[in-house]
Amino acid sequence: MQRNRMAIIFAAIAIVLFGSYAVVNRGEDSQQQVNEKSQPSLDGSSASGFLEDIGVSTDWLAAVTSEKEGDKNNVTESVALATFEQMKQLDQEGKNPFDEDTANSFAVQSSITRSVDTSTESLFATISVTDKDLKIIANNTQDAKKRYLSDLEAALARHPAKKSYENVEGGVQGLIERACAGKESGVGREMATTYTETADDVIRIQVPSQWAEFHRQIITHYRKGNIIFNSIANCYNDPLKGLLATQVLPDFIKNSDTLQKSLVKMYAEVGL
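This note's numbering applies: residue 2 is where the sequence shown begins, and numbers increase by one.
Set out below in structure tokens:
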């Protein structure tokens, strides 16, 4: 499993790097020498073969080269650029950067892993919910807490699950597969929008100070949902970010259960 994950990550980066190598090698005297070597070419054929060998479709990976130059939000491109110098050095040493043995070398894996780990950590870096963002009140009476729960119920009721979500063939897994194949993005974007609208609605509620931390957690949760499902919807154009989103999805679902259990205790606290 870990090997296949690294293979997919490496393959996605390789696709992005084809254009980079074309630019770097264009007009250089060394280009002819590189072509005369018995190394597989850097025009994409060796990486395509590599992908086919591990059973990964190249169709959705190829899209990352399309109109993505300079997109700092595209994780696939960012990781590719961060790894570029390592790959270029291997090429200059006469090694094929897209060869499977090279892809599994310690140097390349370490470089890619560091970049991917950094991207994983920064996936939710834009989310910040501080006390100044919240409408915290000093009133912690039962009536104030009941009013908070009532307002929260009303806010959530304004953003119900749409029929389009329920009719997704194969559930979330099916949605991910089709989004990464470039066949479906609408439902994922709808879900992402619903998460944002819910968070924006909930943040307007007055919350008793004793429950401020829960309030912050639920807003953060919904904002994470926006990022996760936007990333899944855009998987065709940014496969690595889509992969990172699917990896954090189990924790996201688990956190939803945790918040639900906290709500049950809060209702019990005020006798509801």
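The C-beta atom is built at its ideal place from N, Cα and C for all residues, glycine as well.
Distance cut-off 8 Å: residue i Cβ against heavy atoms of the ligand FMN
| i | result |
| --- | --- |
| LEU176 | What this structure holds is no ligand at all, so the ligand FMN is not there to describe. |
Cβ-Cβ distance between residue i and residue j below 9 Å
| i | j | result |
| --- | --- | --- |
| ARG190 | PHE125 | no |
| LEU150 | VAL271 | yes |
| ALA180 | ILE233 | yes |
| VAL130 | ILE220 | yes |
| LYS225 | TYR196 | yes |
| GLN211 | ASN141 | yes |
Supposed contact pair residue j and residue i - C-beta distance, whole angstroms, cut 8 Å
| i | j | result |
| --- | --- | --- |
| LYS136 | ARG205 | 7 Å |
| VAL203 | LEU153 | 7 Å |
| LYS147 | LEU273 | 7 Å |
Cβ-based burial, residue i [other Cβ within 10 Å; buried from 16]
| i | result |
| --- | --- |
| ALA193 | buried |
| GLY243 | buried |
| TYR223 | buried |
| ASP258 | exposed |
| ASP239 | buried |
6 Å CB neighbourhood of residue i in its chain, flanking five on each side removed
| i | result |
| --- | --- |
| GLN207 | LYS136 and ILE138 |
| ILE254 | none |
Strand pairing of residue i, partner residues [DSSP]
| i | result |
| --- | --- |
| GLN207 | LYS136 |
Chain-order list of residues whose beta-carbon lies under 8 Å from that of residue i (same chain, five-residue window excluded)
| i | result |
| --- | --- |
| ILE177 | ILE233, CYS236, GLY243 and THR247 |
| LEU260 | PHE215, GLN218, ILE219 and HIS222 |
| ILE128 | THR221, ARG224, LYS225 and ILE228 |
| VAL173 | LEU250 |
| GLU29 | At GLU29 the pLDDT is 41, less than 50, meaning the model places this residue with poor confidence; the figure from the coordinates comes in the next sentence. None. |
Close-in-space but distant-in-sequence residues of the same chain around residue i (CB under 7 Å, 5 per side omitted)
| i | result |
| --- | --- |
| HIS216 | LEU135 and VAL208 |
| GLU198 | HIS160 |
| ALA145 | ILE138 and PRO209 |
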